[in-house]
Every structure is written in structure tokens, then in C-alpha cells.
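Enquirer: Protein sequence lines, in the order shown, are assigned to chains A and B. The numbering used here applies: residue 1 is where the first sequence begins, and numbers increase by one. The numbering used here applies: residue 115 is where the second sequence begins, and numbers increase by one. Glycine is no exception: its CB is placed at the ideal position from the N, C-alpha and C atoms. Below is a structure I'd like to ask you about.
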Amino acid sequence: DAGVIQSPRHEVTEMGQEVTLRCKPISGHDYLFWYRQTMMRGLELLIYFNNNVPIDDSGMPEDRFSAKMPNASFSTLKIQPSEPRDSAVYFCASSSSGVGETQYFGPGTRLLVL
Amino acid sequence: SQQGEEDPQALSIQEGENATMNCSYKTSINNLQWYRQNSGRGLVHLILIRSNEREKHSGRLRVTLDTSKKSSSLLITASRAADTASYFCATGPYNNNDMRFGAGTRLTVKP
Chain A
1 DAGVIQSPRH
11 EVTEMGQEVT
21 LRCKPISGHD
31 YLFWYRQTMM
41 RGLELLIYFN
51 NNVPIDDSGM
61 PEDRFSAKMP
71 NASFSTLKIQ
81 PSEPRDSAVY
91 FCASSSSGVG
101 ETQYFGPGTR
111 LLVL
Chain B
115 SQQGEEDPQA
125 LSIQEGENAT
135 MNCSYKTSIN
145 NLQWYRQNSG
155 RGLVHLILIR
165 SNEREKHSGR
175 LRVTLDTSKK
185 SSSLLITASR
195 AADTASYFCA
205 TGPYNNNDMR
215 FGAGTRLTVK
225 P
């Protein structure tokens with residue numbers, strides 16, 4: 001298996017623009033997680049899905065952030081409108097065992113909002 | 115918010131030496147995991163230890179868990195320059211609906 005795939009790997013955009021991050025989990029994994037990593041706040045869980053259904057989105061910072069999982073092999077994280085403080089590395093991870101079990105991370109998307 | 119707290123924040127050693135990193139947590143857990151992150155990469159799972167286990171080995175890695183002290187340690191023996199990375203602990207709670215990562219220990223192994 002190719003592992004968790006994320007695109008794009010790097011994104012530079014201007015404040016106010018819409019940003020869409022994409023993730024393909026490992027086949028057969030029914031849990032999908034979105035994380036954000038910054039120097040100041042470390043690694044934060046934003047939202048996770050189980051069987052394509054959002055279970056906990058309490059980590060989503062505000063209404064500008066939204067996530068969807070239309071099928072078992074694809075998820076998106078959208079920021080609209082983007083702000084400079086959204087600059088971070090966004091990771092997608094998947095698991096076959098549950099939230100508190102082993103997670104497999106993608107390479108991340110490095111987002112810079114100017 | 116973060117559950118695990120790693121100590122030290124940064125560690126620098128010579129190749130061949132052992133590296134020990136510690137993790138403390140606050141609430142009861144089902145398991146504790148250690149992950150490695152190389153610069154610019156995603157996290158890679160290293161080892162998982164369950165709450166009823168006290169020690170676990172994987173290659174040059176040794177993890178201990180003391181639930182009475184709510185702490186864990188990761189020992190890397192005979193370190194190599196390729197071990198240079200950040201190491202994170204993550205705790206899986208009993209309700210299994212959340213996993214929290216610590217801030218990490220930055221390990222530098224000098225050749």
C-alpha cells in the first residue's frame with residue numbers, strides 16, 4: 001500500500017482565498033483524522049471520521065474550517081476564507097483500530113497564507 | 115490541549131550513546147504510543163504499550179510504562195545519526211475517543 005496520500009504538499013495563498021487540502025487514507029482503514037501542527041501549539045486534532053461520518057469536530061478552530069469525507073477513500077479539509085494564522089502543516093492520518101490506537105500519518109501539507 | 119508532556123524538550127548526544135526520553139501524562143490511559151517525526155515529514159508510529167504492560171522492546175527501542183507514576187520512557191540504544199528526529203508520546207484514553215500528543219523531544223545524534 002502507498003500509505004496515506006495528501007495533496008498538495010505545499011500551498012501558498014493569499015489571505016481571503018479558499019484553500020482545499022486533500023487526503024486519501026490507507027485502503028481498509030475506517031478512521032480518518034485531520035491534524036494541524038504549529039510551533040506554538042504543537043499537534044492538534046481538528047476532526048476525525050469513522051466510516052465516513054464526522055464523529056468529533058471539537059478541534060476545528062472556527063467556522064472557516066470545514067471537512068468532508070464523501071467516500072471511504074477521500075477526504076477534504078477546506079479553509080474559507082484563509083488567514084495568515086492558519087499557516088501550519090496539516091496532517092491526515094488513518095487507522096483501522098480506533099482513535100486511541102496506531103495511526104498512520106501522511107506526509108502533510110505545508111500551508112502558508114500571506 | 116496536550117496530554118503527554120515529554121522531557122527533555124531537546125537532547126543532543128554522540129552516535130553510539132543511548133538516548134532516553136520521558137513522557138508524563140495526567141489521566142488514566144488505555145495505551146501509550148511513541149511516534150517519530152523527521153524534519154519535514156509526517157509522524158511514524160514506533161511502538162504501542164498497553165496499560166497492563168510494563169515494558170516493551172522493538173529492535174533498539176525499549177519503552178517502559180509506570181501507570182502509578184503516570185509516566186513512560188523511551189530508550190534508544192546505540193544511537194545513530196539517522197535517529198535524529200522529534201519523538202512524541204501519545205496517550206489513548208479508556209473511552210478511546212481521543213488521542214493527545216505531547217510537544218515532543220527533539221533528539222540530535224552527532225556523528
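Determine, using beta carbons only, whether K78/A and V19/A come nearer to each other than 8 Å.
Expert: Numbered from its first residue, the first sequence carries residue 78/A at position 78. Numbered from its first residue, the first sequence carries residue 19/A at position 19. Contact: yes.
Enquirer: How many angstroms separate the CA atom of F105/A from the CA atom of Q123/B?
Expert: Sequence index remark: in the first sequence, residue 105/A carries index 105 (1-based). Sequence index remark: in the second sequence, residue 123/B carries index 9 (1-based). Computed Cα separation, rounded: 22 Å.
Enquirer: By the 10 Å Cβ neighbour count, where 16 or more other Cβ atoms means buried, how is M39/A classified, buried or exposed?
Expert: Counting from 1 along the first sequence, the entry for residue 39/A is found at position 39. M39/A should be labelled exposed.
Enquirer: Along the chain, where does the beta strand (DSSP E) that runs through R36/A open and close?
Expert: Walking along the first sequence from the start, residue 36/A turns up at place 36. Residues Y31 to T38.
Enquirer: Name the two residues that bound the continuous beta strand (DSSP E) containing Y139/B.
Expert: The count along the second sequence starts at 1 and reaches residue 139/B at position 25. Careful: Y139/B lies outside any beta strand (DSSP E) and carries neither H nor E.
Enquirer: Should R150/B be flagged as near chain D, meaning a C-beta pair shorter than 8 Å?
Expert: No chain D is present in this structure, whose protein chains are A and B.
Enquirer: State the CB to CB distance for the pair T109/A and P25/A, rounded to an integer number of angstroms; the pair is presumed to be in contact (CB under 8 Å).
Expert: Residue numbering aside, residue 109/A sits at position 109 when the first sequence is read from its first letter. Residue numbering aside, residue 25/A sits at position 25 when the first sequence is read from its first letter. No, T109/A and P25/A are not in contact; Cβ-Cβ is about 15 Å, not under 8 Å.
Enquirer: Could you spell out the range, first to last residue, of the beta strand (DSSP E) harbouring P225/B?
Expert: The count along the second sequence starts at 1 and reaches residue 225/B at position 111. Taken as a continuous stretch (DSSP letters only), P225/B belongs to no beta strand (DSSP E), as it is neither H nor E.
Enquirer: Counting contacts by CB-CB distance shorter than 8 Å, is Q123/B in contact with chain A?
Expert: Residue numbering aside, residue 123/B sits at position 9 when the second sequence is read from its first letter. It does not; no Cβ of chain A falls within 8 Å.
Enquirer: Of all the options G156/B, S172/B and N132/B, which has the alpha carbon lying nearest to the alpha carbon of A192/B?
Expert: The sequence position of residue 192/B within the second sequence is 78, counting from 1. The residue with the shortest Cα to Cα distance from A192/B is N132/B.
Enquirer: According to DSSP, is R85/A part of a helix, a strand, or is it coil?
Expert: The residue you call residue 85/A lines up with position 85 of the first sequence. Three-state DSSP puts R85/A in a helix.
Enquirer: When you compare the CB of Q116/B with every CB in chain A, is at least one pair closer than 8 Å?
Expert: Mapped onto the second sequence, residue 116/B falls at position 2. Here the model assigns Q116/B a pLDDT of 49, short of 50, so the residue's position is not dependable, and the following value carries that caveat. Yes, Q116/B counts as interfacial toward chain A.
Enquirer: Can the beta-carbon of A204/B be found closer than 8 Å to that of G42/A?
Expert: As a working mapping, residue 204/B is identified with position 90 in the second sequence. As a working mapping, residue 42/A is identified with position 42 in the first sequence. Against a cut-off of 8 Å, the Cβ pair of G42/A and A204/B comes out as no contact.
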